[in-house]
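According to our numbering, the sequence shown holds residues 8 to 218 in order.
One structure below.
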Amino acid sequence: MHGSIDAVPYIFPCVFRRTRCDGRRAVFCNRDGQFLFFFPSFVTKKDQAMDRDAALRTHVLNLLTARQAHCTFEEAVADMPLDRIGERPDGLPYSVWELVDHIRRAQYDILAYCEDPDYQAQEWPDAYWPTDPAPPSADVWTQTCAQVVADRDALCEYLEDDAQDLYEAVPSSDDHTILRELLLVADHNAYHIGQIVTARRLLGCWTDSGT
């Protein structure tokens, strides 16, 4: 029935046009904008809520993983020269390694906050930043980058599970929801991904790809 309403202006294009459908009715006017009639909408409030929920999940998923207004984490660390990872550019208080490991630590902390009913907050800032500007080895660098992606993907599972209520409180606190934590990760990661790109530019090891 809803499809037949959509088809009306195409069957009689010179007679009337639909001006809006607000979820309760579809309003039709003539070419001069004069009201003619309306049909009740057959889209239920439940259908609308489901559509909004799906759109929200897709939106947050893209914030976490997709290239939108900035490059992705994977792009930010790709082809980083290993001998420059621990180098702090002039004027900046952190190296690329410090930024990447900070992302890993903060993101893992939020993942634990979402999962663990016995979660205990870590000490700031010591627990969230590495003590040295360089990793102990190239393998640690590789593993750290991989862990950032793995933990981010674990958080994305909340969005991919339609049965998960995004407005549910985290298990250890009634103050924050799962949705709030996912948005916090997206916001925090984006901020520091931009810093990684800036650091690489100052080091002269960033390949400009239009991002």
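Beta carbons are placed, not taken as given, at the ideal position from N, Cα and C, and that holds for glycine.
With which residues is residue 176 paired in a DSSP beta bridge?
184
Any heavy atom of the ligand SAH closer than 7 Å to the Cβ of residue 146?
Because no ligand of any kind appears in the structure shown, any question about the ligand SAH cannot be addressed here.
In terms of residues, what are the limits of the alpha helix (DSSP H) holding residue 116?
103 to 122
Report buried or exposed for residue 127, applying the criterion of at least 16 other Cβ atoms within 10 angstroms of its Cβ.
exposed
Helix, strand or coil for residue 164? Go by DSSP, reduced to three states.
helix
Sort 156, 121 and 92 by Cα distance to residue 79 and report the nearest one.
156
Who are the Cβ neighbours of residue 118 in its own chain at under 7 Å, not counting the five residues just before and after it?
158, 161 and 162
Which listed residue (90, 97, 114 and 185) has its alpha carbon closest to that of residue 136:
114
Which of the three DSSP states is assigned to residue 129 in this structure?
coil
CA-CA distance, residue 66 and residue 215?
26 Å
For residue 106, I'd like the list of residues in its chain whose CB is within less than 6 Å of its CB, leaving aside the five on either flank, ordered along the chain.
199, 202 and 203
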